[in-house]
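Numbered according to our numbering, the sequence shown terminates at residue 662, and the numbering increases by one at each position without gaps.
Beta carbons: idealized from backbone N, C-alpha and C, even for Gly.
For reference, the structure is listed below as structure tokens.
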Amino acid sequence: MSSAIYARYMKRCLDIVIPLAVLILFWWVYVLLAVLVRLNLGTPVIFTQERPGKDGKIFKLYKFRSMSNAKDKDGNLLPDRDRLNGFGRFLRSTSLDELPELFNLLKGDMSLIGPRPLLVKYLGHYNSFENRRHEVRPGMTGLAQVSGRNAAAWKERFRKDIEYVDHISFSLDVKIFFLTIKKIFAREGIEYQGTGTIMDYFESKDRIKALVLCGGIPQAALIEELKSRGIFTVLADKNPNAMARPYADAFFPVSALDAGAVKKLAVEEKADMVLTACADQVLLVQAQVSEELGLPCYIDYKTAKDVSSKERMKKIFAENGIPTSKYAIMGEFDEGKVKGLEYPVIVKPVDSYSSRGVRKAFDIDELKAAFKAAVEISRTNTAIVEEFVEGEELTVDVYIEDGKAHMLCISNIDKIPGTDRFVICRTRYPAQITGETNREVKKVAEKIAEAFNLRNSPMLVQIITNGKGISVVEFCARTGGGDKFRLIKQVSHFDVIKAVVDLTLGEKPHVEPYQLPECIVNEFLYAEPGTFDHLEGFDEMKAKRVVSEYFQLKSKGTKCCDIKSSGDRVAYYTIQAPTIDEVREKERKANKRLKAIDAEGRDMLQHDLIGNY
């Protein structure tokens, strides 16, 4: 029996059959307990209280009363501990007070196994993760109870509740049932903690805790999204001046690429999730640590390895008929392996990012030099050599929903001209492509998702199109880097940062097709060698609506050298207008006024790269 069939049909059948059998066979136990409750504790024998059920719907919970009506000399009820006599403690410690809940099972209010229903007054305190406990019927017992019952911390109890919601199965329910019986007889974890404990938890920062890896612009937005849901955020980045640091609740100077250090930090900080956005190699660490610690992640470690290694990626492309250029992968240079490739070729580390170590070679000598440099950058000392495909480069941001590809944003990519490197200097939306190319791109995106087993995930695909067809350069299971998430939201009305958090929390984002009917250019700015001090003219251009947005990417005192990768940009700005001609006009105005000033007061901005398209 599949878990889905059990959860949808059989679970409810058992919630009817089992209570009926118990009531028929042991009706006399109910009668006996009712008499004893009446004699020892008074009336009413049945205690009722409103609790939230499936989807938060309120129902009346039935229990045998376990406290007396004892009052002080002024006629006020005594505190709970004074009204809980020996018989009441016996009812609670054996869980006999909960037997009337079988009637809640028959009515459909509850299930035998599920998250225990808490008080209605707590409904307004749950964040989106904790509120998922209401996706199923509450239970008489549950995974949280057999994992510690009332002695467990609230954060751990909520985590166990969501773990149950995500893994309902017949075998798990049987396991929980027998563990419950064992705990009742062993009298483990019975002592009640009081409502103050959960309210202290709700009012504390130590609720759901997220460890965010890497401290760039996308991670700052990720932290803001997490905090908007009441999630405490811890940032890990080896750079103590990481841009996202002020946004986080806590910061640790730990490299986001060091899986061992990240895992140690996650354990020490008792993180409930580890996540990042817009970073290939960091996504691999996220998936590895999450899998090893049993934390939620929208991508498993094997898939993360497949999408972060160009070697694995190319192999899967070839096996699944995904159009890509001919290639060879080597740890040591072997001229025989590249003999069949046509020049020019592209050389890059198998695990690079931000175009680090990517070079074009026109002959064997240039290839050897480029290969040596790429291997030195690679953490696995491996490089890929592939044929260069002439054509227009596209960056395609996609969201895969239940295996279907939704095109969020397709842009043209411009690289810095006149160099053997491949450093992005701008993106232009919308991409200048035909409807046929658009359909072909969508088809290939779905083919990639199927080949890499991506059912619900953001995805970025780099494609070359030349009018004869398309060739996939590479892809990754994340959205574009830098400020790309804002562009995607603007042009498609889909928030990929929110989607990453939703996926991690077990929710499924939905895409409604939309395409902004305007032109947007993101211009990435680079500087001449020198020591960067500050930007000038940007606020003025923004106030005059020449530039719609800008971001400074280098801090004061940063030494700028020769441009080697996209990570060397000092700033970027966005220009938006109804037509590309109007965008160009704004670019000309901006280029006359914008400056990047060095420590000597000189303009170090490379103006010749701006608007060069």
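- For Arg642, the secondary structure class from DSSP, reduced to helix, strand or coil, is helix.
- Taking a contact to require three or more Cβ pairs closer than 8 Å, the region 466-476 and the region 551-558 do not qualify as touching.
- Around Ala291, the same chain offers Gly264 as residues with beta carbons nearer than 6 Å, after the five sequence neighbours per side are excluded.
- The criterion of a C-beta distance shorter than 8 Å is satisfied by Arg182 and Val214.
- Collapsing the DSSP output to three states places Arg182 in a helix.
- By the neighbour-count criterion, in which a residue is buried when 16 or more other Cβ atoms sit within 10 angstroms of its Cβ, Tyr58 is exposed.
- Per the coordinates, the alpha-carbon of Ala498 lies some 21 Å from the alpha-carbon of Ser401.
- Per the coordinates, the alpha-carbon of Phe281 lies some 51 Å from the alpha-carbon of Asp383.
- Checking the DSSP bridge columns, you'll see Val396 partnered with Arg408, Val434.
- Counting only the Cα atoms, Lys204 lies some 23 Å from Arg141.
- Scanning its chain for C-beta atoms nearer than 8 Å, with the 5 sequence neighbours on each side dropped, one finds around Thr628 the residues Cys568, in chain order.
- By the neighbour-count criterion, in which a residue is buried when 16 or more other Cβ atoms sit within 10 angstroms of its Cβ, Glu435 is buried.
- Contact check for Ile624 against Lys635 passes: the beta carbons are separated by less than 8 Å.
- The three-state secondary structure of Val283, taken from DSSP, is strand.
- In the same chain as Arg428, and ignoring 5 residues on each side of it, the C-beta atoms closer than 6 Å to its own belong to Asp400, in chain order.
- Residue range 60-74 is occupied by the alpha helix (DSSP H) that includes Cys62, with no beta strand (DSSP E) assigned at that position.
- Residue burial annotation: Cys609 is buried, with at least 16 other C-beta atoms found within 10 angstroms of its C-beta.
- Annotation: Lys313 to Leu90 spans about 52 Å, alpha carbon to alpha carbon.
- Ranked by Cα distance from Ala269, the options Gly586, Lys547, Val560, Gln564 are led by Lys547.
- Contact between Ala285 and Leu324 is absent: CB atoms are separated by about 11 Å, not below the 8 Å threshold.
- Here the alpha carbons of Arg408 and Gly163 stand approximately 56 Å from one another.
- Looking at the DSSP output, Arg477 bridges to Asn461, Val570.
- For Val86, the secondary structure class from DSSP, reduced to helix, strand or coil, is helix.
- According to the DSSP secondary-structure assignment, Pro507 is paired through a beta bridge with Tyr448.
- Per DSSP, reduced to three states, the secondary structure at His455 is strand.
- Residues Thr580, Asp582 of the same chain have their beta carbon placed closer than 6 Å to that of Ala648, with the five preceding and five following residues left out of the count.
- Collapsing the DSSP output to three states places Gly579 in a strand.
- Between the alpha carbons of Arg294 and Ser277 lies a gap of roughly 17 Å.
- Under the DSSP assignment, Gly484 falls in the alpha helix (DSSP H) whose first and last residues are 484-500.
- Taking the Cα positions, Gln330 is about 18 Å away from Pro302.
- Taking 4 residues as the minimum length, the alpha helix (DSSP H) runs contained wholly in the region 593-658 are 629-642, in order along the chain.
- Membership of Leu306 in any beta strand (DSSP E) is not indicated, and neither H nor E is assigned to it by DSSP.
- Under the three-state reduction of DSSP output, Ile107 falls in the strand class.
- Rounded to whole angstroms, Arg130 and Ile73 show a C-alpha spacing of 35 Å.
- The beta carbon of Pro289 is closer than 6 Å to those of Pro302 in its chain, skipping five residues each way along the sequence.
- Residues of the same chain with a CB within less than 6 Å of the CB of Arg206, apart from the 5 flanking positions on each side, are Ala193 in chain order.
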